[in-house]
Amino acid sequence: MKSWLICTGLISLLTLPGQAQFMQGAAPEGVSSLIGGKTVSLDVNKTSLRFDYTGKFGKNAKGIKNKPYSNSYLNWGLSLIGGNNNNIAQLITKGAFTPSGNASAFVFWGKTLNQTSRNQILDPLLNINQELKKIDRQFTIDINTEMNRLKNALVSSNASLQSKVNALANGFDGNLGALILDLRDLRQTDVQTAGATLQLDQTINRLTDIETAHRDNRERLELRERQQTIQQEYRDFDRLNPYKRIVVYARAGTSATKYKFYQTLNSQNFSRSFTDTLFNGHFGEIGVNLYSKSYLIWGLAAGLIRNNTLQGAAPEKIIIERTATDALGQTINTKQEVTAYQGRYIQYQQVYIKGDVVGLLPTSERGTFAINPFFRYAHVSDNTLPSSLRIGINGYFFNQKGGFLGGLYIERTYRFTSVNGNTFSVSRLGLDFGLRASFLFSTVFDTARPNP
Numbered sequence: 427m428k429s430w431l432i433c434t435g436l437i438s439l440l441t442l443p444g445q446a447q448f449m450q451g452a453a454p455e456g457v458s459s460l461i462g463g464k465t466v467s468l469d470v471n472k473t474s475l476r477f478d479y480t481g482k483f484g485k486n487a488k489g490i491k492n493k494p495y496s497n498s499y500l501n502w503g504l505s506l507i508g509g510n511n512n513n514i515a516q517l518i519t520k521g522a523f524t525p526s527g528n529a530s531a532f533v534f535w536g537k538t539l540n541q542t543s544r545n546q547i548l549d550p551l552l553n554i555n556q557e558l559k560k561i562d563r564q565f566t567i568d569i570n571t572e573m574n575r576l577k578n579a580l581v582s583s584n585a586s587l588q589s590k591v592n593a594l595a596n597g598f599d600g601n602l603g604a605l606i607l608d609l610r611d612l613r614q615t616d617v618q619t620a621g622a623t624l625q626l627d628q629t630i631n632r633l634t635d636i637e638t639a640h641r642d643n644r645e646r647l648e649l650r651e652r653q654q655t656i657q658q659e660y661r662d663f664d665r666l667n668p669y670k671r672i673v674v675y676a677r678a679g680t681s682a683t684k685y686k687f688y689q690t691l692n693s694q695n696f697s698r699s700f701t702d703t704l705f706n707g708h709f710g711e712i713g714v715n716l717y718s719k720s721y722l723i724w725g726l727a728a729g730l731i732r733n734n735t736l737q738g739a740a741p742e743k744i745i746i747e748r749t750a751t752d753a754l755g756q757t758i759n760t761k762q763e764v765t766a767y768q769g770r771y772i773q774y775q776q777v778y779i780k781g782d783v784v785g786l787l788p789t790s791e792r793g794t795f796a797i798n799p800f801f802r803y804a805h806v807s808d809n810t811l812p813s814s815l816r817i818g819i820n821g822y823f824f825n826q827k828g829g830f831l832g833g834l835y836i837e838r839t840y841r842f843t844s845v846n847g848n849t850f851s852v853s854r855l856g857l858d859f860g861l862r863a864s865f866l867f868s869t870v871f872d873t874a875r876p877n878p
């Protein structure tokens with residue numbers, strides 16, 4: 427419910443989830459793809475271009491990516507969308523380009539959940555790990571000291587043996603038991619002098635003593651026991667606290683669409699029959715997102731839109747035929763073709779709720795696939811307008827460190843029209859497919875799994 431996507435979405439820096447119709451009657455869809463920072467996006471189906479920018483409050487403010495596990499942070503952002511109000515199919519079949527735009531601003535506050543309690547568990551664990559590293563480091567130093575002593579003790583006449591001892595010392599990987607076995611094999615197969623045999627025996631004995639002392643080290647055993655206890659405590663804590671991060675945001679904006687509006691035919695002045703009319707709307711939205719311990723982001727948002735627009739607006743080609751008689755009494759017939767919108771001018775208020783979930787599948791250090799089902803239900807105050815439920819799913823790939831982001835989406839809309847009282851008629855619209863491509867110049871949100 428990504429990114430900052432993130433993607434969009436959520437505070438919809440990219441608003442990938444369910445962008446849908448963004449100009450009239452709908453704020454940008456999706457609530458959880460906080461992926462973005464500075465981005466430019468193209469929606470082929472919606473024939474629109476989008477720019478996003480995310481900033482930080484305060485001179486030394488840092489977003490999630492800069493300070494992954496800070497307790498809280500506060501950021502702001504701007505989004506601009508411009509393009510055609512119709513989808514690409516209408517643009518191709520009707521030839522109707524209707525300029526539209528959307529501008530919005532948002533602020534979002536995020537907090538890493540249970541950070542204090544988590545640190546109270548993890549800090550002692552980190553200290554134990556440091557102490558164990560010191561003990562293991564001394565263990566390795568003691569082994570290297572014995573191997574160097576052996577190399578220096580071997581005379582040059584045992585060149586083959588000396589070379590093999592050097593190889594064992596240089597290739598030591600921390601497995602002391604294997605090293606001792608290799609030295610015993612050399613003693614059986616490569617020793618040519620009694621002196622070399624003595625040196626190998628002494629080294630093997632000292633390494634065996636080092637191994638025994640390390641294995642039975644009381645301090646090390648106590649630290650290991652405490653380490654296992656704390657690790658189990660953290661696993662229990664993690665199981666009881668499935669959510670790692672919360673983001674709360676508020677967004678507000680305005681949209682406008684310029685229709686060539688056909689109201690009534692003016693026989694005295696045909697040009698006045700088709701007026702370029704600007705329809706606008708304003709919207710506000712609040713939402714919340716939860717980042718789970720797994721690769722899931724959940725989101726829920728609610729909003730309000732106040733709009734003025736055309737009911738049933740659709741681009742139509744209108745042919746106007748005119749007949750006139752000139753000074754010589756000849757009849758002149760002319761035809762004029764105009765693409766314009768008809769419809770009833772209305773003002774209405776729409777309340778909506780929307781939600782989604784983003785499932786992330788990191789495929790490498792830089793790239794991530796995401797599956798994003800979403801829904802949006804909108805109730806309209808005007809009884810002559812239908813309420814609607816839009817459901818859909820996005821699938822996309824993005825690069826967390828900036829670069830190309832692309833994806834496909836599919837959505838379907840159901841409309842509920844009041845017949846009388848509590849009776850409604852339901853109509854199902856066809857499936858809507860789309861392709862969206864973006865380029866991320868920088869990202870604010872690291873949408874990888876938020877492990878501590």
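Counting the sequence shown from 1 gives a position; our numbering is that position plus 426.
Glycine is no exception: its CB is placed at the ideal position from the N, C-alpha and C atoms.
Alpha helix (DSSP H) segment containing residue i, residue limits
i	result
D562	Q541 to A579
L754	Run containing L754: none; DSSP gives neither H nor E here.
L649	R644 to L666
Limits of the unbroken beta strand (DSSP E) element including residue i
i	result
F795	G793 to V806
A529	P525 to T538
D478	S474 to K482
L612	Taken as a continuous stretch (DSSP letters only), L612 belongs to no beta strand (DSSP E), being part of the alpha helix (DSSP H) at L602 to T615.
Y499	S498 to N510
Proximal residues to residue i (C-beta, below 6 Å), its chain only, five neighbours per side dropped
i	result
D858	E837
F565	H640
D568	I636
N759	T749
M573	A595
G536	Y499 and V673
Residues of its chain near residue i, where Cβ-Cβ distance is below 7 Å and the 5 sequence neighbours each way are ignored
i	result
Y479	K464, G503 and L504
Q625	L576, A579 and L580
Q447	Summary for Q447: the model assigns pLDDT 28, below 50, so the residue's position carries little reliability; its value from the coordinates is reported in the next sentence. Correct list: empty, nothing qualifies.
N486	Unreliable placement is indicated for N486, whose pLDDT of 45 sits below 50; no coordinate value is reported for it.
D752	I758
I630	I606, L609 and R610
Same chain, Cβ closer than 8 Å to residue i, five either side skipped, listed in chain order
i	result
N555	Q653
L539	N667, Y669, K670, R671 and I672
H805	Q776, V777, Y778 and S813
R632	E572
Among the options, nearest to residue i - alpha-carbon criterion
i	options	result
F534	E711, G785, T735 and I745	E711
G475	L500, N501, P525 and N497	The identity of residue 475 in the sequence shown is Leu, whereas the question assumes Gly. Among L500, N501, P525 and N497, the Cα nearest to that of L475 belongs to P525.
R671	F865, V466 and N497	N497
L726	R802, N734 and K761	R802
F709	N734, D608 and K686	N734
T655	L551, V466, A796 and I797	L551
L506	V466, Y499, Q541 and K537	V466
D702	D752, A766, T794 and G755	A766
S814	I723, N798 and R841	R841
E645	I561, L587 and S720	I561
Q628	N643, D642, R610 and T615	R610
I547	N570, T571 and Q658	Q658
D549	D608, Y660, Y774 and G785	Y660
T542	L722, G793, N501 and F663	F663
L787	K482, Y721 and V591	Y721
N596	N570, K686 and G536	N570
Q762	Q756, L754 and E747	E747
K743	K537, Q756 and V764	V764
T615	N631, V591 and R632	V591
N820	P812, Y499 and N798	N798
G793	N631, P812 and Y822	Y822
I782	Q756, I723, R563 and G755	Going by the sequence as given, residue 782 is Asp instead of Ile. That would be I723, whose Cα lies nearest to the Cα of D782.
Anticipated Cβ contact below 8 Å, residue i with residue j, distance rounded
i	j	result
D808	Y774	4 Å
G818	F795	Wrong, their Cβ atoms sit about 17 Å apart, outside the cutoff.
L587	L607	At roughly 16 Å, the Cβ-Cβ gap does not stay under 8 Å, so L587 and L607 are not in contact.
Beta carbon proximity, residue i to chain D, threshold 9 Å
i	result
T538	This model lacks chain D altogether; it includes just one protein chain.
Using 8 Å as the threshold, is the segment 572-582 in touch with the segment 665-681, meaning 3 or more CB pairs across them? no
Is it true that the segment 521-540 meets the segment 632-649, where meeting means three or more beta-carbon pairs spaced less than 8 Å apart? Proximity of the segment 521-540 to the segment 632-649 falls short of the contact definition, fewer than three beta-carbon pairs being nearer than 8 Å.
Count Cβ pairs between the segment 646-661 and the segment 590-607 that sit closer than 8 Å; are there 3 or more? Note that the segment 646-661 does not touch the segment 590-607; fewer than 3 beta-carbon pairs, one per stretch, sit closer than 8 Å.
The segment 723-731 / the segment 769-778 touching (three or more Cβ pairs under 8 Å): In the pairwise beta carbon analysis, the segment 723-731 is classified as touching the segment 769-778: at least three pairs are separated by under 8 Å.
Using 8 Å as the threshold, is the segment 544-562 in touch with the segment 715-725, meaning 3 or more CB pairs across them? No, they do not touch.
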